[in-house]
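Numbering (this note's numbering), first residue to last: 4 to 89.
Accompanying notes for the structure given below.
See the structure below:
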């Protein structure tokens, strides 16, 4: 069994912007994003409607999911070798 800790969810702002694209309803977005994202009532209600609407072929929307797992002690950014001597 794998123990997963320190979960970080990224991409809230582009996801909300993307779900509003179909309806041209960007002005109805009431969420804001700073250090911690705040998903407000209008955007949460739209998310819930989309989640309950069914599978992507029925709704015409694609849901993307990705998972990145790092081993303990691994840096968030890859090491760069710029200017390194062979």
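A virtual CB, placed ideally from N, CA and C, is assigned to each residue, including glycine.
Between which two residues does the alpha helix (DSSP H) containing residue i stretch?
{"i": "residue 19", "result": "15 to 24"}
{"i": "residue 52", "result": "44 to 55"}
Which same chain residues end up closer than 7 Å to residue i when comparing Cβ atoms and leaving out the 5 residues on each side of it in sequence?
{"i": "residue 32", "result": "19, 23, 45 and 46"}
{"i": "residue 52", "result": "none"}
{"i": "residue 74", "result": "none"}
Cutting at 8 Å between CB atoms, please list the residues of its own chain near residue i, excluding the five before and the five after it.
{"i": "residue 15", "result": "34, 36, 40 and 42"}
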